[in-house]
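Working notes, beginning with the structure itself.
4 protein chains.
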Amino acid sequence: MKKNGKNGKKEPKANPRNGKKDLKAQQREKNIIEGALKVFGEKGFEETTISAISKAAKISDATIYEYFSSKEDLLFSIAKLYTQEEFDRVMSIVPYIHGAKAKLRMIIQAHLEFYENNRLYTSVALLTLKGSRNFMKSEAYKIIKKTTNTIITVYNEGIEEGVFRDDIDPYIVRNMTLGFIEHLTAQWLLLGRPANLSAQTDNVYSMILKSVEKDVDQNAMKITIEGFDVQQKKDTIIIKAKKKK
Amino acid sequence: MKKNGKNGKKEPKANPRNGKKDLKAQQREKNIIEGALKVFGEKGFEETTISAISKAAKISDATIYEYFSSKEDLLFSIAKLYTQEEFDRVMSIVPYIHGAKAKLRMIIQAHLEFYENNRLYTSVALLTLKGSRNFMKSEAYKIIKKTTNTIITVYNEGIEEGVFRDDIDPYIVRNMTLGFIEHLTAQWLLLGRPANLSAQTDNVYSMILKSVEKDVDQNAMKITIEGFDVQQKKDTIIIKAKKKK
Amino acid sequence: MKKNGKNGKKEPKANPRNGKKDLKAQQREKNIIEGALKVFGEKGFEETTISAISKAAKISDATIYEYFSSKEDLLFSIAKLYTQEEFDRVMSIVPYIHGAKAKLRMIIQAHLEFYENNRLYTSVALLTLKGSRNFMKSEAYKIIKKTTNTIITVYNEGIEEGVFRDDIDPYIVRNMTLGFIEHLTAQWLLLGRPANLSAQTDNVYSMILKSVEKDVDQNAMKITIEGFDVQQKKDTIIIKAKKKK
Amino acid sequence: MKKNGKNGKKEPKANPRNGKKDLKAQQREKNIIEGALKVFGEKGFEETTISAISKAAKISDATIYEYFSSKEDLLFSIAKLYTQEEFDRVMSIVPYIHGAKAKLRMIIQAHLEFYENNRLYTSVALLTLKGSRNFMKSEAYKIIKKTTNTIITVYNEGIEEGVFRDDIDPYIVRNMTLGFIEHLTAQWLLLGRPANLSAQTDNVYSMILKSVEKDVDQNAMKITIEGFDVQQKKDTIIIKAKKKK
DNA sequence: CATGAATGAGTGTTCATTCAT
DNA sequence: CATGAATGAACACTCATTCAT
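Just so you know, the sequences run in chain order A, B, C and D. Position in the first sequence (from 1) plus 39 gives the number in my numbering. Position in the second sequence (from 1) plus 39 gives the number in my numbering. Position in the third sequence (from 1) plus 39 gives the number in my numbering. Position in the fourth sequence (from 1) plus 39 gives the number in my numbering.
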């Protein structure tokens, strides 16, 4: 962004976010976002021109500015919309999932499926937004954060439930989970490998699970054998006949 | 990239990569890369101007084009140089590390330390290069790939050694490892959390290890008790007295 | 002006006002100013496009920005150049003119001739610059001011010499003089009346003179009549026969 | 003016200047003009947006076009309204003023007072309208002209009355008078000097008067001396004894 | 080699104006 | 009438890149 440096965040002229916003306008806004998504997704931010977006949305350049205050605002608005929708979708599923492990799996699955089903958005999110120094200051980012925080919540639930280790910083868990998912997704996006993203759900889930679940260690198996002394060590069990008196 | 760029990979006018390249030239090239690193690292690709780089390197705009064919070439060259150097450094350590686990740990440590000690490059690598659609086609990317492939090599070594599970796609392991590391690094870079990156080495290592190491499961313990039949299941051991004949 | 609000006064890249500035550059700068003068003079500031100027100067749009930091800077630079040149010209004449009245006349004549001989600049100065809220803050304006202050100097000289009234605020004299000249010039410019501007020199001069010169009152005429007593009052002369002894 | 303006003087859609124009509409038109005056006065023509005016007038952009055919039309309409009102005001005073000198003074006073009391309009008139190449072709300009012609009328009256010199082109007198007044006003407007504009009435008046009034020359003093022939020339009086018969 | 100087090509954003409702 | 919404038409300014010296 260069030009017109003057302004800062300036409400677009005709985007009265006053709830009732009539349907045509709402539809048009959606249209623009779809168009923008398409172009941003294919070309990236800098390579995308407003004119290309307006063409894709079949409206005029100027009209875009009725709905969004700048090219960047438009970019961030895509994230806001998609993330909010996805967040709502996931949240609506949550009540049906019981247990932290199942929730963890669900989160992974939801992410992978979402990315897989929204290739263009994925491109925007992983290639463009992640590199944006301004995105993190944006409104949209807050929603993203809310979403990713569910991983922390679920992890903590798992600790409560006694299924997850309690010796890891939850932020690290989130880092691992998202890092894994996003890196995998990026490979899928750019290299086409794996071919099927959501099919990786269980692979990802099981690996992360290994990292976070409480060890099913031998302490969990109390071995008693009549007439024998049983000593359980880390990875050795010593069974000796009881000494006769 | 817009402008003039008739582009097409075009050898820079006066950069005879003919081995003997005199020292002054070599030094100057290094200079330019340092300057570019500084500016790219602070502003990102699009916000960086050639003129800013030339100022930082204390040479003229035109001279940059004696050494690099384009702004993008310069960007990628940074990656090439840094990655190569880091790769060499790591490779020089390898012989002193024995065992796949130790090597895995070393790779994680090397990455985190490198990122921590090269903040500007980290910024370029994670924020700029990762989002570049052209980077993957570049010469520099091949070197990166070579580097990241060591993770796969090490993982395979671990399988050979019997310390890593053999039921995971090595690419998934690489994805997890790099995804984890890079996500963590990005958080450090952008949010300052964790404050100390390389200090996370063991946390990261242990979590990844959990995911990939061979289960210290009961199969690893062959239990035989004279006079008894021992059946080992996943987490149950059934010990019955042998039937007398 | 819209765009790029950021900047303020930013030295154009390649306008090293370092004295020696080679001739080609100097010539080119002159060229641009001539081109700009032509277009500004014909169309006014807002109606003028940089592209029209660059066409008139037979160089590229971008080159203009090598010499001037903005469209407005270019506009003001015209004034700076012309005023400075004219100021120098007038100053070189001054030594040859003696007496405040003659100097006043010369100033009027110089103004009218200059305007008449530089119709385009006159258009820019009277129609465009005079309405510019920024011009008064510009460097160029200072030179203008220096020029117009000569009127005050001359007026004060006239007071010293005893040819001008000493009961008028010199600033008012300047206002009257310049106001008269400029209004007349504007009529000439826009309506073509009077047809010949500099021919009005004496008309203007004599009218202004009437306003500022010391009354040629009866004190200037010493009346003596033999055999009579003559008393001269403001507008009465009393002549009485001398008393006979 | 750029943009859409297919222009061509085109009657505003819904401004049936058919006399009966209802009061609400009349009021609204006034409203718009007041709003426009405020914004034009503060920002100048190009910097002023229709939207800013509509905001100031608390109506919609489109409504402005119901009353005025273009931004420029609106600008000129301000002048028309103000000038007409001022003209009417002055004309209503005229009958009470007798003598060309007094009228001349009144005109000067009226101008200065009007400018002083209508700072915003003054700004528009002196900074914006005076530089407009189109204004002179406008309807509004005719009214202005009618107004300024009173100076000529009064001057001619003065000649008739024998109080003004008859050897000056009346247009020159108008030029001097208006030039003086406007230059002084511009200084007041932009530099705040003089602090009090209308207080300059007498200064201005007396200076202009000096320029135009008939010399209180010796012709005004009829000298007769018994027994002598008195010849009065410009600044010489020749008194000769009458020839004895 | 190094560079000063020139420029082609590009684009986000603004805003006066229109018109369907 | 009043207006919300849409848009066509413009343009100042930037910068990567080239090339003569």
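Ideal Cβ placement from N, Cα and C applies to all residues, glycine included.
Residues bridged to residue 65(B) [DSSP beta-bridge criterion]: Paired residue(s): none; residue 65(B) is not in a bridge.
Cα-Cα separation, residue 69(B) to residue 169(B): 23 Å
Expected contact under 8 Å - CB spacing of residue 20(A) and residue 161(A) to nearest Å: Beyond the ends of chain A as shown, which are 40 and 284, falls residue 20(A); an answer cannot be given.
Neighbourhood of residue 125(A) by C-beta, 7 Å cutoff - its chain only, sequence neighbours within 5 removed: 153
Inter-residue spacing [alpha-carbon to alpha-carbon] between residue 83(D) and residue 112(D): 15 Å
Range covered by the alpha helix (DSSP H) that runs through residue 103(A): 100-106
Coil, strand or helix - residue 257(B) by DSSP: A caution first: residue 257(B) carries a pLDDT of 49, below 50, which makes its placement in the model too unreliable to give a value.
Residues of its chain near residue 173(B), where Cβ-Cβ distance is below 7 Å and the 5 sequence neighbours each way are ignored: 111
Backbone CA spacing between residue 36(D) and residue 176(D) [nearest angstrom]: Residue 36(D) is absent from the model: chain D starts at 40 and stops at 284.
Span separating the alpha-carbon of residue 254(B) from that of residue 63(B): 56 Å
Helix, strand or coil at residue 212(A) according to DSSP, with G and I counted as helix: helix
Residue 279(C) - DSSP class collapsed to helix/strand/coil: strand
Close-in-space but distant-in-sequence residues of the same chain around residue 80(A) (CB under 6 Å, 5 per side omitted): 159, 162, 163
For residue 115(A), three-class secondary structure by DSSP: helix
Where residue 241(C) falls: helix, strand or coil (DSSP): helix
The segment 178-196 of chain D touching the segment 205-224 of chain D, judged by at least three CB pairs closer than 8 Å: yes
Pick from 115(B), 149(B), 215(B) that is closest to residue 239(B), judged by C-alpha positions: 149(B)
Three or more C-beta pairs below 8 Å linking the segment 213-226 of chain C and the segment 211-224 of chain D: yes
Under 7 Å from the C-beta of residue 219(C): neighbouring residues of chain D: 214, 215, 218, 219
8 Å Cβ cutoff met for residue 103(B) and residue 116(B): no
Segment limits, alpha helix (DSSP H) that includes residue 136(C): Premise fails: residue 136(C) is in no alpha helix (DSSP H) and is neither H nor E.
CB of residue 121(B) within 8 Å of CB of residue 71(B), strictly: no
Residue 229(C): contacting residues in chain D (beta-carbon distance under 9 Å): 172, 175
Chain D within 8 Å of residue 250(C), Cβ atoms only: yes
Contact list for residue 363(D) against chain C, beta-carbon separation under 9 Å: There is simply no residue 363(D) to check, as chain D begins at 40 and stops at 284 in what is shown.
Neighbouring residues, chain A, relative to residue 83(B) (Cβ below 9 Å): 170, 171, 172
Beta-carbon gap between residue 204(D) and residue 243(D) smaller than 8 Å: no
8 Å Cβ cutoff met for residue 140(C) and residue 248(C): yes
Where residue 23(C) meets chain D, residues with beta-carbon distance less than 9 Å: The requested residue 23(C) is not part of the displayed model; chain C covers only 40 to 284.
Chain B within 8 Å of residue 89(A), Cβ atoms only: no
Chain D contact residues for residue 113(C), given Cβ-Cβ distances below 8 Å: Near residue 113(C) there are no residues of chain D at all, since even the closest Cβ is about 16 Å away, more than 8 Å.
Closer than 8 Å to chain B by CB, residue 191(A): no
Counted within 10 angstroms of its Cβ, other Cβ atoms place residue 146(B) as buried (16 or more) or exposed: buried
Interface partners of residue 278(C) on chain D, CB under 7 Å: 264
Contact set for residue 182(B): own chain, Cβ-Cβ below 7 Å, skip 5 residues either direction: 119, 122, 123, 126
Under the three-state DSSP convention, the category residue 127(B) falls into: helix
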